[in-house]
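I have placed the structure first, in the form of structure tokens, so that the comments after it can refer back to it.
Protein chains in written order, with my numbering: chain S, 29 to 177; chain Y, 29 to 177; chain Z, 295 to 375; chain G, 295 to 375.
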């Protein structure tokens with residue numbers, strides 16, 4: 029088992045759940061929460077065939093690590109987050125949050141806060157590819173500092 | 029891949045996460061939520077060496093399937109739940125909830141509702157084994173109907 | 295009539311056994327069975343109102359009459375998860 | 295002085311290029327660079343106020359002065375997840 033904390037949080041291609049679940053559950057922890065985001069086949073009524081994830085790699089890596097550390101400090105849990113870059117097919121995993129904590133209350137809160145923060149504070153852009161051959165960048169939200177959220 | 033829906037929800041011994049994550053993500057789903065409960069090494073200040081899970085097997089199996097169906101109907105998601113019976117060591121998994129849904133809001137809500145309901149509506153009892161050799165059934169909550177929660 | 299009571303979880307400790315045979319009057323209900331247990335086992339008496347009854351794989355009404363040979367289960371407060 | 299602007303996400307569409315070179319007056323800030331882009335690209339002008347600037351691996355203040363040879367990045371509204 030490699031040391032997960034030392035690996036990049038930004039990965040080329042779809043994420044594999046098992047890669048992000050290799051760490052043992054701490055003996056003091058009673059709850060494991062996982063959230064994974066996947067590519068849907070429909071968006072605002074349009075049939076989607078896949079998604080490209082573009083990133084400012086340096087800043088995105090920094091921000092993902094900041095979010096991990098902020099989640100741990102705020103909620104008293106262990107956190108691992110990761111995001112995919114590149115082309116993903118329907119059903120593939122674009123983002124993963126893993127939280128290991130004492131009880132489920134803080135586990136759910138930490139997991140929700142981490143994914144909500146990723147969506148607003150990490151410089152990654154979704155480009156949707158439609159069945160009709162068109163492609164479009166999704167509307168986003170102006171980037172926020174991690175600690176403001 | 030076996031049909032997960034046809035297998036028992038009550039299992040002898042610790043649960044293995046991968047067993048409960050084998051189903052593919054539906055093409056219309058954008059969110060995967062997992063909760064797993066694990067055995068902690070301390071409870072109310074006492075050092076714990078392990079936990080025995082006792083069940084009324086027939087009623088527990090029925091209730092776990094009811095909770096799965098109720099979660100799917102309430103939140104419009106796919107749900108799989110499972111619970112361990114027997115002796116578990118520290119860090120091992122006693123309960124799993126897997127939710128696959130359209131968006132994260134209903135994914136988090138469904139996952140939380142399912143685990144909260146399991147804790148109040150399924151006839152399973154934890155017997156804690158302490159380092160000093162003593163054992164004790166944990167205080168619980170009078171069993172509730174699934175649909176009341 | 296004779297009814298068998300299976301004691302789940304901590305209720306086996308309260309009653310001192312995993313299974314108990316009760317002799318009850320004809321027409322007795324689940325509540326009558328719980329009363330009989332409470333009269334016999336003080337540790338059970340203290341928790342009587344927190345305990346549900348199951349018959350087969352379902353929770354049973356404590357006011358429904360029992361029949362000779364019935365098997366019911368004591369479901370003390372649960373601690374799943 | 296000369297500054298290179300890297301255009302991330304949809305900002306490359308708004309400006310028609312992944313990277314743009316701007317000639318700015320000495321002492322110009324990030325805001326001055328955004329103004330120069332807005333003057334040149336109407337699609338960018340419409341979104342100017344939603345865009346942040348990064349320098350290296352950090353968000354930069356738009357009021358900080360730039361230096362000759364600097365590389366800055368346009369960070370349009372994000373859609374991670």
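Cβ atoms here follow ideal geometry from the backbone N, Cα and C, with glycine treated the same way.
C-beta contact flag for residue i and residue j at 8 Å
i: residue 21(S); j: residue 174(S); result: Residue 21(S) falls outside the range modelled here, since chain S spans only 29 to 177, and no answer is possible.
i: residue 48(S); j: residue 117(S); result: no
i: residue 36(S); j: residue 89(S); result: yes
i: residue 156(S); j: residue 71(S); result: yes
i: residue 348(Z); j: residue 87(Y); result: yes
i: residue 121(S); j: residue 375(G); result: no
i: residue 128(S); j: residue 63(Y); result: no
i: residue 345(G); j: residue 168(S); result: no
i: residue 165(Y); j: residue 303(Z); result: yes
i: residue 296(G); j: residue 317(G); result: yes
i: residue 78(S); j: residue 67(S); result: yes
i: residue 126(S); j: residue 108(S); result: yes
i: residue 74(Y); j: residue 158(Y); result: yes
i: residue 299(Z); j: residue 360(Z); result: no
i: residue 323(G); j: residue 358(G); result: yes
i: residue 91(Y); j: residue 151(Y); result: yes
i: residue 339(G); j: residue 332(G); result: yes
i: residue 370(G); j: residue 325(G); result: no
i: residue 313(G); j: residue 301(G); result: yes
i: residue 41(S); j: residue 114(S); result: yes
Unbroken beta strand (DSSP E) run spanning residue i, endpoints
i: residue 154(Y); result: 152 to 158
i: residue 296(G); result: 296 to 301
i: residue 369(G); result: 365 to 369
i: residue 344(Z); result: That residue, residue 344(Z), is in no beta strand (DSSP E); it is neither H nor E in DSSP.
i: residue 353(Z); result: 352 to 354
i: residue 315(G); result: 313 to 317
Buried or exposed (CB count within 10 angstroms, at least 16 for buried), residue i
i: residue 84(Y); result: buried
i: residue 393(Z); result: Beyond the ends of chain Z as shown, which are 295 and 375, falls residue 393(Z); an answer cannot be given.
i: residue 160(Y); result: exposed
i: residue 135(Y); result: buried
i: residue 50(Y); result: exposed
i: residue 147(Y); result: buried
i: residue 46(S); result: exposed
i: residue 65(Y); result: buried
i: residue 336(G); result: exposed
i: residue 29(Y); result: At residue 29(Y) the pLDDT is 45, less than 50, meaning the model places this residue with poor confidence; the figure from the coordinates comes in the next sentence. Result: exposed.
i: residue 305(G); result: buried
i: residue 334(G); result: exposed
i: residue 163(Y); result: exposed
i: residue 33(Y); result: exposed
i: residue 149(Y); result: buried
Boundaries (first-last residue) of the alpha helix (DSSP H) holding residue i
i: residue 305(G); result: 305 to 309
i: residue 334(G); result: 324 to 334
In chain order, which alpha helix (DSSP H) runs of at least 4 residues are fully inside the stretch 35 to 85 of chain S? Unbroken alpha helix (DSSP H) runs of no fewer than 4 residues, entirely contained in the stretch 35 to 85 of chain S, are not found.
Contact set between the stretch 43 to 70 of chain S and chain Y, restricted to residues whose Cβ is under 8 Å from the partner: Along the stretch 43 to 70 of chain S, the positions whose C-beta sits under 8 Å from a C-beta of chain Y are 45, 46, 49, 52, 53, 54, 55, 56, 57, 58, 59, 60, 61, 62, 63, 64, 65, 66, 67, 68, 69 and 70, read in chain order.
Between the stretch 129 to 159 of chain S and chain Y, which residues of the former have a C-beta closer than 7 Å to a C-beta of the latter? Within the stretch 129 to 159 of chain S, the qualifying residues are 132, 136, 140 and 143.
Tell me which residues of the stretch 110 to 122 of chain Y have at least one Cβ-Cβ distance to chain S shorter than 7 Å, keeping chain order. Within the stretch 110 to 122 of chain Y, the residues whose Cβ lies closer than 7 Å to some Cβ of chain S are 118 and 119, listed in chain order.
Residues, ordered as in the chain, of the stretch 341 to 357 of chain Z that lie near chain Y by beta-carbon distance below 9 Å: Residues 343, 344, 345, 346, 348, 350, 351, 352 and 353.
Extract the residue ranges of the alpha helix (DSSP H) inside the stretch 84 to 164 of chain S, only unbroken runs of 4 or more that lie entirely within it. If only uninterrupted alpha helix (DSSP H) runs of at least 4 residues are considered, those enclosed by the stretch 84 to 164 of chain S are 85 to 103 and 132 to 149.
Any C-beta of chain G within less than 7 Å: which residues of the stretch 81 to 108 of chain S qualify? The residues in question are 82, 84, 86, 87 and 90.
Residues in the stretch 319 to 337 of chain Z having any Cβ partner in chain Y nearer than 9 Å: Correct list: empty, as no residue qualifies.
Would you list, in chain order, the members of the stretch 360 to 374 of chain Z that have their beta-carbon closer than 8 Å to a beta-carbon of chain Y? Interface annotation for the stretch 360 to 374 of chain Z against chain Y: 367, 369, 370, 371, 372, 373 and 374, criterion Cβ-Cβ distance under 8 Å.
Positions along the stretch 301 to 313 of chain Z whose CB lies within less than 8 Å of some CB in chain Y: Listed by position, the residues of the stretch 301 to 313 of chain Z near chain Y (Cβ gap below 8 Å) are 302, 303, 304 and 307.
Note down, in chain order, all residues in the stretch 160 to 176 of chain Y with a beta-carbon under 9 Å from any beta-carbon belonging to chain Z. Within the stretch 160 to 176 of chain Y, the residues whose Cβ lies closer than 9 Å to any Cβ of chain Z are, in chain order, 164, 165, 166, 167, 168, 169, 170, 171, 172 and 173.
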